[in-house]
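Trainee: Protein chains in written order, with my numbering: chain A, -13 to 114; chain B, 285 to 440.
For glycine and all other residues, C-beta sits at the position ideal for the given N, C-alpha and C.
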Amino acid sequence: MEYYFAKTVTGEFEEVIKKVTNELEKEGFGVLTEIDIKATLKKKLDVDFKKYRILGACNAPYAHKALKAEDKIGTMLPCNVIVQELENGRIEVAAVNPMASMQAVKNKDLESIAKEIGDKLKQVMDKV
Amino acid sequence: MKRENPAKKEISNQNYTESRRTTYCISQRYGSQTFSEILKNIKEALAKRDFDVLLELALDKYLKKDIKDMPPHVILSVCNSGTAAKALTADLQSGVFLPCNITVKEVDQGNIEVSIEDTTVTWASSNTNELGELAKKTTETLKQILSEIDQQRMKL
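1) If you scan the region 2 to 83 of chain A from start to end, which runs of the beta strand (DSSP E) of 3 or more residues do you find wholly inside it?
2) Rounded to a whole number of angstroms, what is the C-alpha to C-alpha distance between Leu430(B) and Ser311(B)?
3) At a Cβ cut of 8 Å, what residues of the region 355 to 375 of chain B count as close to chain A, listed as they run along the chain?
4) Please state the DSSP three-state secondary structure of Glu390(B).
5) Quick one: does Thr306(B) have its CB under 8 Å from some CB of chain A?
6) Between the region 404 to 417 of chain B and chain A, which residues of the former have a C-beta closer than 8 Å to a C-beta of the latter?
7) Report the rounded CA-to-CA distance for Lys115(A) versus Asp402(B), giving the unit in angstroms.
8) Would you verify that the beta carbon of Val446(B) is, or is not, closer than 8 Å to some beta carbon of chain A?
9) Can you check DSSP and say which residues form a bridge with Arg313(B)?
10) Just grab the DSSP bridge partners of Val362(B) for me.
11) Which of helix, strand or coil does DSSP assign to Val405(B)?
12) Within a Cβ cutoff of 6 Å, which residues of the same chain sit near Glu11(A), ignoring the five residues on either side of it in sequence?
13) Need the endpoints of the alpha helix (DSSP H) that Lys345(B) sits in, please.
14) DSSP has Ala(-8)(A) in a bridge; who is on the other side?
15) Checking contacts by CB at 8 Å: is Ala80(A) closer than that to chain B?
16) Among Asn45(A), Glu20(A), Asp112(A), which residue has its Cα nearest to the Cα of Leu338(B)?
17) Alpha helix (DSSP H) containing Val110(A): first to last residue?
18) Relative to the alpha-carbon of Cys363(B), which residue among Asn325(B), Pro383(B), Arg313(B) has its alpha-carbon at the smallest distance?
19) Here's the rule: buried if 16 or more other CB atoms are within 10 angstroms of the residue's CB, otherwise exposed. What is Pro64(A)?
20) Below 8 Å between beta carbons: does that hold for Ser409(B) and Ala86(A)?
21) Chain B partners of Ser98(A), CB-CB under 9 Å?
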């Protein structure tokens, strides 16, 4: 099973981030962290890296359901969406596939929650 | 002593057995320190190993609309930038696994459970050898933090 859903889009990097954030909000996900990998690696290691942002997104009612089903699932929250620069001005958006990550957990109740969250993330991917 | 509160003890043991069976994280419980002391010790142990805390999410506050009176439960998202750079070089999509999480939660009065993500399991779907090696090292480092929480208390 592929561990992420990816899609290539065109546009300006910051605009794509805004679009992804808006579409996540429509599906009930708040963006809790935004990690600028390019800036972090430059600052910490003086390494040049392409534009690469990790958005940590969480849907509170689903997080609640997941915690009820599996008390230590906090170690796998939030869900990540990556926005990265490709060549020729193209930008790739990739969201974690929660069905793949939850395979390691081996909890039947969590599988259906992961599927619903995965469907929501697919919706986001379709719209960006 | 067992007679004093057998029900509580039984539940506590049951939960602990369950936690040992969990595949994707490694958990340890601490009974002699407060929630905030443990959080502080974890952060010190992380800083020594060049891990930055990128997110500190108090789930009990975040979910207060959905769960009333949830016991303290914090997610720390932590990252060692050297490891992150190597992981991303080996597999550009591995950002979906980053950063690593450590959770701290109160399981019952005076009993705090700390869980570290087992990256050898959570990063396994990437299937690149280099990421497998990095995952092993990362889990080893995070395990050291679990054992250091108690040692720091001894020093005080």
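Mentor: The answer reads as follows:
1) Runs of the beta strand (DSSP E) inside the region 2 to 83 of chain A: 16 to 22, 38 to 44, 65 to 71, 76 to 82.
2) Stepping through the second sequence from its first residue, residue 430(B) is reached at position 146. Stepping through the second sequence from its first residue, residue 311(B) is reached at position 27. Cα to Cα, Leu430(B) sits roughly 8 Å from Ser311(B).
3) So the list reads His357, Ile359, Ser361, Cys363, Ser365, Gly366, Ala368, Ala369, Leu372, given in the order they occur along the chain.
4) Counting from 1 along the second sequence, the entry for residue 390(B) is found at position 106. Here Glu390(B) sits in strand by DSSP.
5) Locating residue 306(B) in the second sequence gives position 22, where the first residue counts as 1. So yes, Thr306(B) belongs to the interface.
6) Near chain A, meaning a CB-to-CB distance below 8 Å, the residues of the region 404 to 417 of chain B are Val405, Thr406, Ala408, Ser409, Ser410.
7) This structure gives no information on residue 115(A), because the portion of chain A shown stretches from -13 to 114.
8) Within the shown structure, residues of chain B are numbered from 285 to 440, placing residue 446(B) beyond reach of any answer.
9) Along the second sequence, one-based indexing puts residue 313(B) at 29. DSSP lists Glu397(B) as partners of Arg313(B).
10) Counting from one through the second sequence, the residue named residue 362(B) turns up at place 78. In the DSSP output, where bridge partners are listed per residue, Val362(B) has Val337(B), Cys384(B).
11) Taking the first residue of the second sequence as 1, we reach residue 405(B) at position 121. Three-state result, Val405(B): helix.
12) For this step, residue 11(A) is matched to residue 25 along the first sequence. The answer is none, since no qualifying residue turns up.
13) The residue you call residue 345(B) lines up with position 61 of the second sequence. 343 to 346 is the span of the alpha helix (DSSP H), which, as asked, contains Lys345(B).
14) For the purposes of this step, residue -8(A) is identified with residue 6 of the first sequence, where counting begins at 1. BP columns for Ala(-8)(A) point to Ala80(A).
15) In the first sequence, residue 80(A) corresponds to position 94, counting from 1. It does; some Cβ of chain B falls within 8 Å.
16) Here the question's residue 338(B) lines up with position 54 in the second sequence. It is Glu20(A) whose Cα lies nearest to the Cα of Leu338(B).
17) Here the question's residue 110(A) lines up with position 124 in the first sequence. Following the DSSP letters along the chain, one finds Val110(A) inside the alpha helix (DSSP H) bounded by residues 94 to 113.
18) What you label residue 363(B) is simply residue 79 of the second sequence in a count that begins at 1. Residue Pro383(B) holds the alpha-carbon nearest to the alpha-carbon of Cys363(B) among Asn325(B), Pro383(B), Arg313(B).
19) If you number the first sequence from 1, residue 64(A) lands on position 78. By the neighbour-count definition (other C-beta atoms within 10 Å, threshold 16), Pro64(A) is a buried residue.
20) Residue mapping note: residue 409(B) aligns to position 125 of the second sequence, counting from 1. Residue mapping note: residue 86(A) aligns to position 100 of the first sequence, counting from 1. Pairing Ser409(B) with Ala86(A) gives a Cβ-Cβ distance under 8 Å.
21) On the first sequence, residue 98(A) is found 112 positions in, with the first residue counted as 1. Against chain B, a Cβ distance below 9 Å from Ser98(A) picks out nothing, because the smallest value is about 18 Å.
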